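A.B. asks:
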Amino acid sequence: MISQTLIRTRELDMKKDKLKNAIHLGINKLQSALKSFFGQEYFRSHIIIWLLILSFIINTANWLSLNIWVKPVDFSIILHYNVYFGVDSIGDYREVYILPIIGLILFFINFVLSLYFYQQKERIASYILLIATLMIQLSLAVASTSIILINY
183 MISQTLIRTR ELDMKKDKLK NAIHLGINKL QSALKSFFGQ EYFRSHIIIW
233 LLILSFIINT ANWLSLNIWV KPVDFSIILH YNVYFGVDSI GDYREVYILP
283 IIGLILFFIN FVLSLYFYQQ KERIASYILL IATLMIQLSL AVASTSIILI
333 NY
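Position one of the sequence shown corresponds to residue 183 (this note's numbering), numbered consecutively onward.
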């Protein structure tokens, strides 16, 4: 009886050790993959880093501002206002989150394209894509701010 319990505990210990080793191996592989990815020349460019950081911060601020100001309501809210025609789009309060989602999707698409062009030695194209990303994020932040100001 005691020997069977001892054998089972040893087997469990061996399984735990195998699991720990597998986890450590996976973590080490992930760390080396991240080091090789972020060790590229692309991420050593200060212009690239600043454009990526600013775009990401603006998108995050857009998410936060909408999350803070837009409250769940039962009635429709104004989604778009035009000076010439007035209100031309109304909808559910959740629809305001389409703007930061679009910004995030465009951020990742332009990031991948920028990385590709930078690796192809087309640095100017890479910079232009990231500057466009920053301008898109700023435009979406202005649109989100106008939605907040019009409705709240």
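Glycine included, each C-beta is placed from N, C-alpha and C at the ideal position.
Quantities reported herein were computed from a predicted structural model and do not represent experimental measurements.
1. Note the first and the last residue of the continuous alpha helix (DSSP H) segment covering valine 324.
2. Beta-carbon separation of leucine 286 and asparagine 249 under 8 Å?
3. Measure the alpha-carbon distance for alanine 215 versus valine 255 and round it to whole angstroms.
4. Comparing alpha-carbon positions, which option in Gln213, Leu233, Gln222 and Lys253 lies nearest glutamine 301?
5. For serine 308, count neighbouring Cβ atoms within 10 angstroms of its own Cβ and tell me buried if that reaches 16, exposed if not.
6. Is DSSP giving valine 269 helix, strand or coil here?
7. If I follow the unbroken beta strand (DSSP E) through tyrosine 298, where does it start and stop?
8. Only counting the same chain, and skipping five residues up and downstream in sequence, which positions put a Cβ closer than 6 Å to that of tyrosine 263?
9. Pull the bridge partners of tyrosine 224 from the DSSP assignment, please.
10. Assuming contact is defined by CB atoms lying nearer than 8 Å, are valine 278 and leucine 297 in contact in what I supplied?
11. With distances taken between CB atoms, is the gap from phenylalanine 220 to phenylalanine 289 smaller than 8 Å?
12. Per DSSP, which one or two residues make a beta bridge with isoleucine 181?
13. Please name the residue in Phe257, Lys303 and Ile318 whose C-alpha comes closest to that of isoleucine 291.
14. Based on Cα-Cα distance, which residue from Ser227, Leu322, Ser218 and Lys200 lies nearest to lysine 303?
C.D. replies: Inspection of the coordinates gives the following:
1. As a working note, residue 324 is residue 142 in the sequence shown. Here the alpha helix (DSSP H) through valine 324 covers 305-333.
2. Here residue 286 corresponds to residue number 104 of the sequence shown, with the count starting at 1. Here residue 249 corresponds to residue number 67 of the sequence shown, with the count starting at 1. In this structure, leucine 286 sits away from asparagine 249, with a CB-CB distance that is not shorter than 8 Å.
3. For the purposes of this step, residue 215 is taken as residue 33 along the sequence shown, with counting starting at 1. For the purposes of this step, residue 255 is taken as residue 73 along the sequence shown, with counting starting at 1. Whole-angstrom Cα-Cα distance: 45 Å.
4. To locate residue 301, count along the sequence shown from 1; it is residue 119. Among Gln213, Leu233, Gln222 and Lys253, the Cα nearest to that of glutamine 301 is on Gln222.
5. In the sequence shown, residue 308 corresponds to position 126, counting from 1. Buried is the call here.
6. Counting from one through the sequence shown, the residue named residue 269 turns up at place 87. In the structure shown, valine 269 sits in a strand (DSSP, three-state: E or B).
7. Translated into the one-based positions of the sequence shown, residue 298 becomes position 116. Counting along the chain, tyrosine 298 falls outside any beta strand (DSSP E), though it belongs to the alpha helix (DSSP H) covering 280-301.
8. Here the question's residue 263 lines up with position 81 in the sequence shown. The residues are Val269 and Ile332.
9. For this step, residue 224 is matched to residue 42 along the sequence shown. Beta-bridge pairing links tyrosine 224 to no other residue.
10. Within the sequence shown, residue 278 is the residue found at index 96, counting from 1. Within the sequence shown, residue 297 is the residue found at index 115, counting from 1. No, the Cβ-Cβ distance between valine 278 and leucine 297 is not below 8 Å.
11. Here residue 220 is taken as the residue at index 38 of the sequence shown, counted from 1. Here residue 289 is taken as the residue at index 107 of the sequence shown, counted from 1. In this structure, the beta-carbon distance from phenylalanine 220 to phenylalanine 289 does not fall below 8 Å.
12. The question about residue 181 has no answer, for the chain in this structure spans 183 to 334.
13. On the sequence shown, position 109 is the one that residue 291 refers to. Considering only alpha carbons, the answer is Ile318.
14. By 1-based counting over the sequence shown, the position of residue 303 is 121. Answer by Cα proximity: Ser227.
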